[in-house]
Amino acid sequence: MNPYLNSIEVIGNLGKKPTLSYLNSATAVARLSIAVNEKYIDKLTGKEKENTQWFTALAYGALAELACNYLNAGDSVFIRGAMRWRTYLYGDERRETWEIYADKLIMLSPGKNKQ
Numbered sequence: 150m151n152p153y154l155n156s157i158e159v160i161g162n163l164g165k166k167p168t169l170s171y172l173n174s175a176t177a178v179a180r181l182s183i184a185v186n187e188k189y190i191d192k193l194t195g196k197e198k199e200n201t202q203w204f205t206a207l208a209y210g211a212l213a214e215l216a217c218n219y220l221n222a223g224d225s226v227f228i229r230g231a232m233r234w235r236t237y238l239y240g241d242e243r244r245e246t247w248e249i250y251a252d253k254l255i256m257l258s259p260g261k262n263k264q
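Under the working numbering, the first residue of the sequence shown carries the number 150, and numbering increases by one thereafter.
Structure follows, in C-alpha cells:
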C-alpha cells in the first residue's frame, strides 16, 4: 500500500465558462477557474469578512467535454483531484503554478442568472 496521498476537494463557483482545448493526442482538456469564498470574523473589528481563494482545475477526456458543454460562469461545483505543480514559459519569463487535475466534477447548482 502506498503511504502517500495527494488529494484535494473544493466547492466553489466558476469565475468564467470553462475553456476547451485538445492535446496533440486529441484528448480534450478543460480549464476551470473556481472561486472559493471563506467567511470569518475580524478579531479587531468583530465584523464578518470574506476572503476568496482562486483555484485552477484541469479535466481531461469525456469529463472535459461535459464540463464545457454544461457548465457556465457562476455555477456552483464540487471538484476532486490531485494537486500538481507545473512550470511554463510566458514569453521569456518562467512561471510556476499549482493546478488541480480533476478526476471528479459535480455541478451543485446553476449560477444565479439561470434560476
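Yeah, the Cβ is synthetic: ideal placement off N, Cα and C, and Gly gets one too.
Identify the residues that DSSP records as bridge partners of residue i: which are they?
i: Ser182; result: Thr205
i: Leu198; result: Just to set this straight, residue 198 is Lys in the shown sequence, not Leu. According to DSSP, Lys198 bridges with Tyr189.
Does the beta-carbon of residue i have 16 or more other beta-carbons within 10 angstroms, so that it is buried, or is it exposed?
i: Ile255; result: exposed
i: Asn162; result: buried
i: Ala175; result: exposed
i: Pro152; result: exposed
i: Leu220; result: buried
When the Cα atoms are used, what is the spatial distance from residue i to residue j?
i: Gly223; j: Leu212; result: 19 Å
i: Tyr129; j: Ala216; result: Not covered by the structure: residue 129. The range shown for the chain is 150 to 264.
i: Leu181; j: Met150; result: 32 Å
i: Tyr239; j: Gly195; result: 43 Å
i: Tyr209; j: Arg244; result: 23 Å
i: Ala206; j: Ile183; result: 8 Å
i: Ala179; j: Leu154; result: 24 Å
- request: State whether the segment 218–234 contacts the segment 245–259, with contact taken as three or more CB pairs (one from each stretch) at a distance under 8 Å.
  value: With the cut-off at 8 Å, the segment 218–234 and the segment 245–259 touch.
message: Threshold first: 3 residues or longer. Then list the beta strand (DSSP E) segments lying entirely within the segment 200–259, N to C.
response: Taken in chain order, the unbroken stretches of beta strand (DSSP E) that lie wholly in the segment 200–259 and span 3 residues or more are 225–239, 242–258.
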